[in-house]
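Residues in the sequence shown are numbered consecutively from 3, following the numbering used here. Every residue gets a Cβ at the ideal spot worked out from N, C-alpha and C, and that includes glycine.
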Amino acid sequence: MHIRLYILVCLTLWVGANIIASVMEMQDGLRVAIYTLGCKLNQAESEQLAHQFADAGYRVVDGDVADICVLNTCTVTHIADRKSRHLVRLLRKRNPAAQVIVTGCYAERAAEELASTGADLVIGNEQKAYLLELVRERFASVCMSGRHNGNGLGRIRSFVKIQDGCKDGCAYCVVPSVRRREYCVPVEGVIETVKERCAAGYKEVILTGTKIGSYHSSGADLRELVRRVLGGTDIQRLHLSSLQPQEISPRLLKLWQDKRLCPHFHLALQSGCDSVLERMRRRYTLQGYREAVAAIREVVPEVAITTDVMVGFPGESDGEFVGGYRFCQEIGFANMHVFVYSPRPGTVAAKMQGQIDSRVKKERSLKMLELARRSAQQFAGRFVGCEVAVLWENEVVPGSGVYSGLTDNYIRVFARSQKPVVNQIVPVRLVKMYKDGLWGEGIE
Numbered sequence: 003m004h005i006r007l008y009i010l011v012c013l014t015l016w017v018g019a020n021i022i023a024s025v026m027e028m029q030d031g032l033r034v035a036i037y038t039l040g041c042k043l044n045q046a047e048s049e050q051l052a053h054q055f056a057d058a059g060y061r062v063v064d065g066d067v068a069d070i071c072v073l074n075t076c077t078v079t080h081i082a083d084r085k086s087r088h089l090v091r092l093l094r095k096r097n098p099a100a101q102v103i104v105t106g107c108y109a110e111r112a113a114e115e116l117a118s119t120g121a122d123l124v125i126g127n128e129q130k131a132y133l134l135e136l137v138r139e140r141f142a143s144v145c146m147s148g149r150h151n152g153n154g155l156g157r158i159r160s161f162v163k164i165q166d167g168c169k170d171g172c173a174y175c176v177v178p179s180v181r182r183r184e185y186c187v188p189v190e191g192v193i194e195t196v197k198e199r200c201a202a203g204y205k206e207v208i209l210t211g212t213k214i215g216s217y218h219s220s221g222a223d224l225r226e227l228v229r230r231v232l233g234g235t236d237i238q239r240l241h242l243s244s245l246q247p248q249e250i251s252p253r254l255l256k257l258w259q260d261k262r263l264c265p266h267f268h269l270a271l272q273s274g275c276d277s278v279l280e281r282m283r284r285r286y287t288l289q290g291y292r293e294a295v296a297a298i299r300e301v302v303p304e305v306a307i308t309t310d311v312m313v314g315f316p317g318e319s320d321g322e323f324v325g326g327y328r329f330c331q332e333i334g335f336a337n338m339h340v341f342v343y344s345p346r347p348g349t350v351a352a353k354m355q356g357q358i359d360s361r362v363k364k365e366r367s368l369k370m371l372e373l374a375r376r377s378a379q380q381f382a383g384r385f386v387g388c389e390v391a392v393l394w395e396n397e398v399v400p401g402s403g404v405y406s407g408l409t410d411n412y413i414r415v416f417a418r419s420q421k422p423v424v425n426q427i428v429p430v431r432l433v434k435m436y437k438d439g440l441w442g443e444g445i446e
């Protein structure tokens, strides 16, 4: 079988799922498309699956020409469930002859529900590591040949999984029931993966997991892991995916003396009200959060602090919402992922009294989203007139000469260049606000 090859892996935006594509060239093998909904950990696992399939002789392609479609699902909200079901049906419609394989958190929680939507095979998180072997068994009669060597790929940013599982038991969260087993990737395994990504041409690696602040392997905590990755690899940018305020310490922050560490902290908040945090069973207070933010800003110049904010948690009064809104104003986030509380089966919050009317939740969401928009603009506006290094991701419109990329503190930048700059870190001077970021000039 001689067919062209593409790869499709989905990334999460602040408000949903996004798709990113790169090209792999091979000569033989079945065509596999990989789609991802949800968090950075899902993205890392999908990226790992893509490499495994390619190395085994499969062609990782876009969904319209696939023999096998793999969907890595999310179940953090009812909207994520709905998107997963919709995508299964869409993949079945677009690829009627393809095998549709569903895995991830939704598959772990409700396998029969997903099977009824048209999936040929449903594989939970516990079996995700064996997905390639299960696919091989199903297609044992097809001869696989050729191994992908990773050359020629437009690779920019890679998600590397370092940890999985969480037993915190937050009242609203379904994750402990769908990612039950806690484990950490050994330090040497992480370093080896980062080295492979460097060799493949990636300029940035994001270390991710369910709760990376709890990383611990053979006596090494997260700080030690990061220190050894920085010392043992040539990665140009290293980024930590998400932390909780109680995980911030002077010992950890000292690592940011190495400028390869991105000055961007995604610091979980969920609610800016202590009484709501207590009902959520979160393990910090607003004062602790303030102290963590102050510590970060004292040590890391020009840092971007982003967060997640949930509105409409059971029992959230008008006063509690207003208090949370004002706390977000006080902190001045560089960006906020705002989402509406959604009851998840088997969680404590789903059985709580005082479930909020959907119209109220929508109103609160719109208000918080507007605050998020203004906060992002205010943060980005501080850098007008500055010269910054940008990792350029793509040409906005092919042939236009206008490129888009991210600074190390994750401000979106657009600029015109007469030469290709994709997957290069090139500085520009930021001159004005533009679209959802800034316009830069001076690419040489």
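Are residue i and residue j close, meaning C-beta to C-beta below 7 Å?
i      : j      : result
ILE208 : PHE161 : yes
ASN411 : GLU300 : no
LEU136 : THR105 : no
LEU432 : LEU408 : no
TYR204 : ARG239 : no
TYR108 : ASP83  : yes
VAL302 : LEU271 : no
LEU254 : ARG284 : no
TYR343 : PHE315 : yes
CYS200 : ILE237 : yes
VAL102 : LEU93  : yes
VAL189 : SER216 : no
ILE193 : VAL231 : yes
ASP166 : ARG182 : no
ARG346 : VAL177 : no
GLY383 : ALA417 : no
ARG159 : THR119 : no
GLU389 : PRO429 : yes
LEU123 : SER86  : no
ALA391 : ILE427 : yes
MET282 : ALA173 : yes
ALA279 : THR309 : Note that residue 279 is Leu in the sequence shown here, rather than Ala. No, they are not a contact pair.
SER367 : VAL313 : yes
VAL67  : ARG96  : no
Check the C-beta distance from residue i over to residue j and give it rounded, since I have them as a contact under 8 Å.
i      : j      : result
LYS169 : GLY211 : That pair is no contact at about 13 Å.
GLN331 : TYR286 : At roughly 19 Å, the Cβ-Cβ gap does not stay under 8 Å, so GLN331 and TYR286 are not in contact.
GLU114 : GLY126 : With 8 Å as the limit, GLU114 and GLY126 do not qualify as a contact, their Cβ atoms being about 12 Å apart.
PHE335 : ILE307 : 6 Å
ILE445 : SER406 : Contact doesn't hold; Cβ gap of about 13 Å is too wide.
CYS71  : ALA35  : 5 Å
GLY317 : GLY356 : 4 Å
With DSSP as the reference, identify every bridge partner of residue i, one or two as the case may be.
i      : result
ILE125 : THR105
LEU70  : Residue identity differs from the one stated: residue 70 is Ile in this sequence, not Leu. Answer is VAL34 and GLN101.
ASP223 : HIS218
LYS434 : TRP441
GLN272 : VAL311
HIS266 : ALA306
SER406 : ASN396 and PHE416
ASN337 : THR308
ARG239 : GLU206
VAL2   : Residue 2 lies beyond the residue range present for the chain, which begins at 3 and ends at 446; the question has no answer from this structure.
THR349 : Beta-bridge pairing links THR349 to no other residue.
PRO447 : What the structure shows of the chain is the stretch from 3 to 446, and residue 447 is not part of that stretch, so it cannot be assessed.
CYS186 : GLN165
VAL342 : VAL313
THR75  : GLY106
Need the endpoints of the alpha helix (DSSP H) that residue i sits in, please.
i      : result
SER48  : 42-57
VAL424 : Per DSSP, VAL424 belongs to no alpha helix (DSSP H) and is neither H nor E.
MET370 : 360-383
THR195 : 189-201
SER179 : 177-180
PRO170 : The amino acid at residue 170 is misidentified as Pro; the sequence shows Asp. Segment: none, ASP170 is in no alpha helix (DSSP H) and carries neither H nor E.
GLN246 : Unbroken run through GLN246: none, as it is neither H nor E.
LYS85  : 80-96
GLN289 : 288-301
LEU255 : 252-255
GLU114 : 113-117
Please list the terminal residues of the continuous beta strand (DSSP E) segment that includes residue i.
i      : result
ALA417 : 414-418
THR210 : 206-211
THR309 : 306-313
GLU389 : 389-397
ILE164 : 159-166
Q. For the 8 Å Cβ check, are there 3 or more pairs between the stretch 362-376 and the stretch 393-407?
A. no
Q.
Tell me whether the stretch 321-341 and the stretch 57-67 touch, counting them as touching only if at least three CB pairs, one residue from each stretch, are closer than 8 Å.
A. no
Q | Three CB pairs or more closer than 8 Å across the stretch 291-300 and the stretch 350-362 | A | no
(Q) Under 8 Å, with one C-beta from each stretch per pair, do the stretch 64-84 and the stretch 35-47 reach the 3-pair mark? (A) yes
**Q.** Stretch pair the stretch 427-441 + the stretch 379-391: three plus CB contacts closer than 8 Å
**A.** yes
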